[in-house]
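K.L.:
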Amino acid sequence: MSAPERIPPRSVTSGPLSPAELLAEGELTVRGRIREASNAALYCTVSHDGQEAFCVYKPVAGERPLWDFPDGTLAQREVAAYEVAEATGWGLVPPTVLREGPYGEGMCQLWIEMTPETELLALVDGEEPGPGWKAIGFAEVGEGRTALLVHADDERLRRMSVLDAVINNADRKGGHLLPTAGGRLYGIDHGVTFNAENKLRTLLWGWAGEPLTDESVAVLKGLQEALTASGALARRLTALITEAELDATRARVDALLTSGKHPEPSGEWPAIPWPPV
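If you count the sequence shown from 1, position 142 lands on 167 in the numbering used here, and the numbers rise without skipping.
1) Since Ala190 contacts Arg102 with CB under 8 Å, what's their CB separation in whole angstroms?
2) Leaving aside the five residues before and after Gly131 along the sequence, list all residues of the same chain whose C-beta is less than 6 Å from its C-beta, in chain order.
3) Using CA coordinates, which residue listed in Ala233, Cys133, Ala177 is at the minimum distance from Leu214?
4) Using a Cβ distance threshold of 8 Å, determine whether the segment 278-292 contacts the segment 224-235, with at least three qualifying pairs required.
5) Under 8 Å between the Cβ atoms of Leu145 and Gly212?
6) Going by alpha carbons, who is nearest to Arg197 out of Leu135, Asn220, Leu225, Arg181?
7) First and last residue of the beta strand (DSSP E) that includes Thr263?
8) Just to confirm the assignment: which complete beta strand (DSSP E) runs, minimum length 3, are found wholly within the segment 195-273?
9) Nearest to Glu270 by CA position, among Leu252, Pro141, Gly87, is which residue?
10) Identify, in the order they occur along the chain, each residue of the same chain with its Cβ nearer than 8 Å to the Cβ of Glu138, setting aside the five sequence neighbours on each side.
11) According to DSSP, simplified to helix, strand and coil, what is Ile59?
12) Within 10 angstroms of the Cβ of Asp150, are there 16 or more other Cβ atoms? Answer buried if so, exposed if not.
13) Compute the Euclidean distance between the alpha carbons of Arg56 and Leu123, then round it to the nearest angstrom.
14) If you count every other CB in all the chains shown that lies within 10 Å of the CB of Trp158, and 16 or more means buried, which is it?
15) Going by DSSP in three states, Tyr128 sits in which element: helix, strand or coil?
16) Exposed or buried, what is Ser36 when buried is set at 16 or more other beta-carbons lying within 10 Å of its beta-carbon?
17) Check each candidate in Ala259, Val187, Gly129, Pro120 and name the one with the smallest Cα separation from Ala280.
18) Answer yes or no: do Ala273 and Ala221 have a C-beta to C-beta separation smaller than 8 Å?
19) Quick check on the burial criterion: 16 or more other C-beta atoms within 10 angstroms. Buried or exposed for Thr98?
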């Protein structure tokens, strides 16, 4: 991994800036702190020449060290996850850049307004999910009772599960899934990703062992090409993750294409993050 560097916008035009360009070039103003975050996360506005947007700024200086993610920073991995998500064409991660801010270098990500009434997760009685749902596993709900935790049988979630398998997401919780009023679905909080060791922990196990869709296979083949040494994605990731982590990402893509199936829990560690939401 080369020295951390600010990722420039893909293009700068004389007209309105794209969200990623605005995040990278605009003036960042802190408006408040997101207190429920485990690391420093600041609610901000970013503005440039009359354009303005809300965003989240996570300075590297506010990160807590993690013994099992010793290389790089959470901010770099968040940006790397966005780069891979963009390469899929699915648009599952909000625009995210690495930039200087009021408290030093950090990750800056477009703020997403979610639609809370959209039901993606549920607890149900019985041992089988109903129509339109996929089983995750059983959860204790108090007083010695258990219920079946399920997630929606939703193509957006299925794409997210493939993305998580590629980036080796160790923390896909329900609260990290943001459905919007326009029907889009975004995933956030990708600081614990890209480890060279298999650390996939997710709520999206409903398709475990099932064949990948033709669309997913096509996307993975595109990633395979983009991750070659001369590929554009590989060049961008080199500044964000280590060479060993990049090689492991290539290996995960190759393994998914070889098996043709969604991954299954290894049984070697808890497969579901805690707390799950």
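For every residue, glycine included, the Cβ atom is placed at its ideal position computed from N, Cα and C.
P.N.:
Let me lay it out:
1) Against the sequence shown, residue 190 aligns to sequence position 165. Against the sequence shown, residue 102 aligns to sequence position 77. Incorrect: roughly 16 Å between the Cβ atoms, too far for contact.
2) By one-based count along the sequence shown, residue 131 stands at place 106. Listed in chain order, the non-local C-beta contacts of Gly131 below 6 Å within the same chain comprise Tyr82, Lys83, Pro84, Val85, Ala100, local neighbours out to five positions each way being set aside.
3) Taking the first residue of the sequence shown as position 1, residue 214 is located at position 189. Correcting the residue type first, residue 214 is Asp in the shown sequence and not Leu. Considering only alpha carbons, the answer is Cys133.
4) Of all C-beta pairs linking the segment 278-292 to the segment 224-235, three or more are shorter than 8 Å, placing the two stretches in contact.
5) Taking the sequence shown and counting its residues from 1, one reaches residue 145 at position 120. Taking the sequence shown and counting its residues from 1, one reaches residue 212 at position 187. With contacts defined as CB atoms closer than 8 Å, Leu145 and Gly212 fail to qualify as a contacting pair.
6) Counting from 1 along the sequence shown, the entry for residue 197 is found at position 172. Relative to Arg197, the option among Leu135, Asn220, Leu225, Arg181 whose CA is nearest is Leu225.
7) For the purposes of this step, residue 263 is taken as residue 238 along the sequence shown, with counting starting at 1. Careful: Thr263 lies outside any beta strand (DSSP E), inside the alpha helix (DSSP H) at 257-263.
8) Within the segment 195-273, the runs of beta strand (DSSP E) at least 3 residues long that lie entirely inside it are, in chain order, 202-204, 210-212.
9) Here residue 270 is taken as the residue at index 245 of the sequence shown, counted from 1. Out of Leu252, Pro141, Gly87, Leu252 has the C-alpha closest to the C-alpha of Glu270.
10) Counting from one through the sequence shown, the residue named residue 138 turns up at place 113. Taken in chain order, the residues that qualify are Thr205, Ala206.
11) On the sequence shown, position 34 is the one that residue 59 refers to. In this structure, Ile59 counts as coil in the three-state DSSP scheme.
12) As a position in the sequence shown, residue 150 is number 125, starting the count at 1. By the neighbour-count rule (16 or more Cβ atoms within 10 Å), Asp150 is not buried but exposed.
13) Walking along the sequence shown from the start, residue 56 turns up at place 31. Walking along the sequence shown from the start, residue 123 turns up at place 98. Looking at the two C-alpha atoms, the distance is approximately 19 Å.
14) What you label residue 158 is simply residue 133 of the sequence shown in a count that begins at 1. So Trp158 counts as buried.
15) Residue 128 sits at position 103 when you count from the first residue of the sequence shown. Reduced to three states, the DSSP call for Tyr128 is coil.
16) Residue numbering aside, residue 36 sits at position 11 when the sequence shown is read from its first letter. Residue confidence for Ser36 is low, a pLDDT of 36 falling below 50, so the modelled location carries little weight; the figure read from the coordinates is stated next. Taking all protein chains shown into account, Ser36 has fewer than 16 neighbouring C-beta atoms within 10 Å of its C-beta and is therefore exposed.
17) Translated into positions along the sequence shown, residue 280 becomes position 255. In this structure, Val187 is the residue among Ala259, Val187, Gly129, Pro120 with its C-alpha nearest to the C-alpha of Ala280.
18) Indexing the sequence shown from 1 puts residue 273 at position 248. Indexing the sequence shown from 1 puts residue 221 at position 196. Here Ala273 is near Ala221, since their CB atoms are less than 8 Å apart.
19) Residue 98 sits at position 73 when you count from the first residue of the sequence shown. By the neighbour-count rule (16 or more Cβ atoms within 10 Å), Thr98 is buried.
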